[in-house]
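Under numbering that gives the first Met the number 0, the first residue of the sequence shown carries the number 0, and numbering increases by one thereafter. All residues carry an ideal CB built from backbone N, CA and C; glycine is no exception. On a predicted model such as this, the values are computed, not experimentally measured, just so you know.
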Amino acid sequence: MGDGLLDFMSFWPLQAEEDGSGMICTYLIILGVILIALYLGLYLYNKFLVGKRTKQHPCRYCGHIVDAVSHCCHTSVEERFMGGKCSKCGKECKIICARCKRPLY
Ligand SMILES: [Zn+2]
Ligand SMILES: [Zn+2]
């Protein structure tokens, strides 16, 4: 059992180097995996947000469940953390209530 593991370790290319270069190689691979995981997470997060673009919000001023619109063009908005991006002019904008035009956040 233990011998089998040792054989496996000696075949493992990352452990073959005696000096520090093997460790650096391992760190680089781990870093790469973390970066790929982060990128994938961000991609899925963005996809999730795009899918929720037409999500409705409760407005604390008029008390209705309303569509969120941009304050600049009063059109649909791509929601982000702490704000949004106007789908018409493409600028950063505030998200407002479609009914009473007051900020939702
Ligand atoms: Zn409102
Ligand atoms: Zn706009």
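Fill in: Reference S69, options K87, C58 and H63, closest by Cα
For the purposes of this step, residue 69 is identified with residue 70 of the sequence shown, where counting begins at 1. The option with the nearest alpha carbon to S69 is K87.
Worksheet entry | Euclidean distance between Cα positions of I33 and V76 | Within the sequence shown, residue 33 is the residue found at index 34, counting from 1. Within the sequence shown, residue 76 is the residue found at index 77, counting from 1. Roughly 31 Å between the two C-alpha positions.
Item to complete: Mind checking which residues open and close the beta strand (DSSP E) that includes P57?
Response: Taking the sequence shown and counting its residues from 1, the one referred to as residue 57 is at position 58. Counting along the chain, the beta strand (DSSP E) containing P57 begins and ends at Q55 to P57.
Item to complete: Assign S86 to one of three DSSP states: helix, strand, or coil.
Response: On the sequence shown, position 87 is the one that residue 86 refers to. Three-state DSSP puts S86 in coil, outside helix and strand.
Worksheet item: From C99 to C58, what distance separates their C-alpha atoms?
Response: The residue you call residue 99 lines up with position 100 of the sequence shown. The residue you call residue 58 lines up with position 59 of the sequence shown. Cα-Cα distance, rounded: 9 Å.
Discussion item. Taking the alpha carbon of R41 as the reference point, which residue from C24, F80, I64 and I29 has its own alpha carbon closest?
Written reply: Locating residue 41 in the sequence shown gives position 42, where the first residue counts as 1. Note on identity: in this sequence residue 41 is Leu, with Arg being the wrong assignment. Selected option, being the one with the closest Cα: F80.
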